[in-house]
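To start, the structure under review is shown below, and the notes come after it.
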Amino acid sequence: MYLQANDITKRFSNYPILDHLNLQLEPGEKSALIGVNGSGKTTLFEVLLGIEGVDAGSVSQQKGLRIGYVQQQTANESVSVMTYLLRNFSQISQLSETLHYYEKLMTDPQQDLTAILPKYSRVQEDYEAAGGYTLAERLQSILKGVGLGDLAEAPLDQLSGGEKVKVELAKALAQEADLYLLDEPTNHLDLAGILWLEEFLKHTKAAFLVISHDRAFLDHVTTKTYQLEDGQLKSYPGNYSRFRFLKQAELEKLQKDYDLQQKEIKRLQRLIRQYRQWGVESDNPKFFKKAKEVAKRLERLTVIKRPQPQTPPVPKLSASSRSGNEVLLARGIGCFAGEKLLFADSDFAIYRGDKVALLGDNGAGKTTLVQTILQQHELADGELKRGASLQIGYLPQHIRFAQPQQRLLAYAMGFMGAEEPARRLLARYGFPASEVTKRLQDLSGGETVRLVLAKLAQQAVNLLILDEPTNHLDIEAKEEIEQLIHDYQGTLLAISHDRYFLEQNFDQYLLIKDQQIQQMTTMPIL
Numbered sequence: 001m002y003l004q005a006n007d008i009t010k011r012f013s014n015y016p017i018l019d020h021l022n023l024q025l026e027p028g029e030k031s032a033l034i035g036v037n038g039s040g041k042t043t044l045f046e047v048l049l050g051i052e053g054v055d056a057g058s059v060s061q062q063k064g065l066r067i068g069y070v071q072q073q074t075a076n077e078s079v080s081v082m083t084y085l086l087r088n089f090s091q092i093s094q095l096s097e098t099l100h101y102y103e104k105l106m107t108d109p110q111q112d113l114t115a116i117l118p119k120y121s122r123v124q125e126d127y128e129a130a131g132g133y134t135l136a137e138r139l140q141s142i143l144k145g146v147g148l149g150d151l152a153e154a155p156l157d158q159l160s161g162g163e164k165v166k167v168e169l170a171k172a173l174a175q176e177a178d179l180y181l182l183d184e185p186t187n188h189l190d191l192a193g194i195l196w197l198e199e200f201l202k203h204t205k206a207a208f209l210v211i212s213h214d215r216a217f218l219d220h221v222t223t224k225t226y227q228l229e230d231g232q233l234k235s236y237p238g239n240y241s242r243f244r245f246l247k248q249a250e251l252e253k254l255q256k257d258y259d260l261q262q263k264e265i266k267r268l269q270r271l272i273r274q275y276r277q278w279g280v281e282s283d284n285p286k287f288f289k290k291a292k293e294v295a296k297r298l299e300r301l302t303v304i305k306r307p308q309p310q311t312p313p314v315p316k317l318s319a320s321s322r323s324g325n326e327v328l329l330a331r332g333i334g335c336f337a338g339e340k341l342l343f344a345d346s347d348f349a350i351y352r353g354d355k356v357a358l359l360g361d362n363g364a365g366k367t368t369l370v371q372t373i374l375q376q377h378e379l380a381d382g383e384l385k386r387g388a389s390l391q392i393g394y395l396p397q398h399i400r401f402a403q404p405q406q407r408l409l410a411y412a413m414g415f416m417g418a419e420e421p422a423r424r425l426l427a428r429y430g431f432p433a434s435e436v437t438k439r440l441q442d443l444s445g446g447e448t449v450r451l452v453l454a455k456l457a458q459q460a461v462n463l464l465i466l467d468e469p470t471n472h473l474d475i476e477a478k479e480e481i482e483q484l485i486h487d488y489q490g491t492l493l494a495i496s497h498d499r500y501f502l503e504q505n506f507d508q509y510l511l512i513k514d515q516q517i518q519q520m521t522t523m524p525i526l
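Residues in the sequence shown are numbered from 1 upward in steps of one, following UniProt numbering.
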């Protein structure tokens, strides 16, 4: 056992965010911690690290356990990134200073070289055993992996906030830890950095517990999943996809048990009423006694709570109008951003009902191509033909409302025309009556996307264009959005870096690479 939480309770404003929670992390364990935003995942990490105290319970760990974690408070010093990282290895630094001390002595002709050499040799052996000779190379490799390979000598205080977070991640990974606690480690990493981190975690001998909303990442690196829900932890064997399968099976069984118990409760209630009625009609106390016995049986039942689905039911998006068979035809198209050539002499064809993902590195031209389709950007060359009866709905990456303080109901009435149909629509898209007075600026990321999709659904859209629809959403919100678009019968074009989202929802791909748009039916290796 590396680390153990025993019957932990942690309250905020008298509300138990962790409620009699238990956890035991073992050597070699490669596990994920999942849960909706606000469920207490980061709080649990802070409790395990001793940063936060608890109201009840205890945390214990193996003596001498080395824990690697990313500090929330990033450093802001004028030293170089490499100096900052090297300073974290105090033993190696001390041995290095000792080596330099003996080396200086050995240049002094007044010193006894035969007496110094054995001491120098012993320190050399200790330095080598501690990894001193390979440390700088290892740190440089980690910096390159997280995307900071060119910034090793850059002053720390001149880095951006995202770059400083990467430095803290590099610092955590560079430690020879027994256990890593990693809170959203893929944030701020590009795809190359995420793939590097996956390889690192696959091959490390250390155990780790990782919080992440990147489902493909979790699938690739974890073999156990903890779900934090209502203050409690439940563990499932396997990666995220295996968790989903097991959780769904668990919910189906629970629903079956709930339905059977409800049926039994109703049967017993009918029996009680029947015995009491017979007792009244026959004036026979035996029937009242039987009614009392059945009532006691009913009281002794442990009532099963109605199970909640993994994602709340949401309506299907429908393409209420039909486009022509040819939706978009590109012939020899080329485009610039300023003086930079993005792509040239490129062809592709999108037909009615196609589900197409638009892929490419940042800056490759994905957003510019979408702007061209929306007729907001001019082509430099070629022709982009839009099909007949085309009605385009666009979900931008950054959704901004003209009146952010407007209430949800008033916003919906703006495109529904009246209060009752607006309320019905909001309820269908997961906004019950108790939430319609929320201000738009107070909606979560998932709620915002749901609301905009609800609006688009009223506009007879038959080509839906989504720009990073799952960015910055927790897993539950991502799956709500996926459920919305899964059975969409119109044509779908989406920009995304979310590998799990891409694998689950698309069967055609446009890849912008080397100034060309390539069309393919299998997802390229990302």
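Glycine included, every Cβ here is placed at the ideal spot set by N, Cα and C.
Report the rounded CA-to-CA distance for residue i versus residue j, giving the unit in angstroms.
i: Gln24; j: Tyr226; result: 11 angstroms
i: Tyr127; j: Ser160; result: 34 angstroms
i: Tyr429; j: Leu456; result: 12 angstroms
i: Phe431; j: Pro421; result: 13 angstroms
i: Phe200; j: Ala177; result: 13 angstroms
i: Gln397; j: Ser444; result: 14 angstroms
i: Ala174; j: Asn14; result: 39 angstroms
i: Ala410; j: His486; result: 29 angstroms
i: Ala216; j: Gln124; result: 44 angstroms
i: Lys30; j: Ala337; result: 44 angstroms
i: Ala427; j: Glu46; result: 37 angstroms
i: residue 528; j: Val303; result: Outside the shown range of the chain, which is 1 to 526, sits residue 528, and nothing can be said about it.
i: Ala32; j: Leu209; result: 5 angstroms
i: Gly57; j: Phe243; result: 28 angstroms
i: Val146; j: Glu447; result: 32 angstroms
i: Gln74; j: Lys164; result: What sits at residue 74 in the sequence shown is Thr, not Gln. Their Cα atoms are separated by approximately 6 angstroms.
i: Thr83; j: Gln376; result: 48 angstroms
i: Ala206; j: Asp442; result: 40 angstroms
i: Leu228; j: Lys41; result: 7 angstroms
i: Lys366; j: Ile512; result: 7 angstroms
i: Leu21; j: Leu49; result: 15 angstroms
i: Gly389; j: Ser323; result: A small fix is needed here, since residue 389 is Ser in this sequence, not Gly. One C-alpha to the other measures close to 5 angstroms.
i: Asp157; j: Ala170; result: 16 angstroms
i: residue 531; j: Asp55; result: Only positions 1 to 526 of the chain appear in this structure, which leaves residue 531 out of reach.
i: Gly238; j: Cys335; result: 45 angstroms
In the DSSP assignment, find the unbroken beta strand (DSSP E) run with residue i in it and report its ends.
i: Gln232; result: 232-237
i: Ala388; result: Note, Ala388: premise wrong, no beta strand (DSSP E); not H, not E.
i: Leu329; result: 326-337
i: Leu33; result: 30-34
Does residue i come out as helix, strand or coil in the three-state DSSP assignment?
i: Lys513; result: strand
i: Asp354; result: coil
i: Ala494; result: strand
i: His472; result: coil
i: Leu159; result: coil
i: Asp487; result: coil
i: Lys63; result: coil
i: Ser323; result: coil
i: Ser58; result: strand
i: Ser93; result: helix
i: Gln371; result: helix
i: Asn187; result: coil
i: Asn505; result: helix
i: Ile116; result: helix
i: Ala170; result: helix
i: Ile481; result: helix
i: Tyr180; result: strand
i: Ser121; result: helix
i: Gln518; result: strand
i: His100; result: helix
i: Gly68; result: strand
i: Ser78; result: coil
If I follow the unbroken alpha helix (DSSP H) through residue i, where does it start and stop?
i: Ser13; result: Counting along the chain, Ser13 falls outside any alpha helix (DSSP H), and DSSP gives it neither H nor E.
i: Lys305; result: That residue, Lys305, is in no alpha helix (DSSP H); it is neither H nor E in DSSP.
i: Val47; result: 41-48
i: Ala291; result: 285-300
i: Ile142; result: 132-145
i: Val81; result: 81-86
Check: Can at least three beta-carbon pairs, one atom from the segment 467-481 and one from the segment 20-39, be found at a separation below 8 angstroms?
Finding: yes
Checklist line | Cβ pair count under 8 angstroms reaching 3, the segment 92-105 against the segment 54-67 | finding: no
Checklist line | Complete runs of the alpha helix (DSSP H) confined to the segment 195-280 [at least 4 residues] | finding: 215-221
Notebook entry, point to check: Quick one: any contact between the segment 490-498 and the segment 456-466, if contact means 3 or more CB pairs under 8 angstroms?
Noted result: yes
Next item on the list: Enumerate, from N- to C-terminal direction, the unbroken beta strand (DSSP E) stretches of 3 or more residues contained entirely within the segment 408-472.
Entry: 463-467
Notebook entry, point to check: Counting Cβ pairs, one atom from each stretch, are 3 or more of them under 8 angstroms apart for the segment 343-352 and the segment 321-331?
Noted result: yes
Margin query: For the pair the segment 243-256 and the segment 69-87, tell me if three or more CB-CB distances fall below 8 angstroms.
Written below: no
Checklist line | At least three beta-carbon pairs within less than 8 angstroms, the segment 354-361 to the segment 492-510 | finding: yes
Notebook entry, point to check: Hey, is the segment 140-159 in contact with the segment 184-199, meaning 3+ C-beta pairs nearer than 8 angstroms?
Noted result: yes
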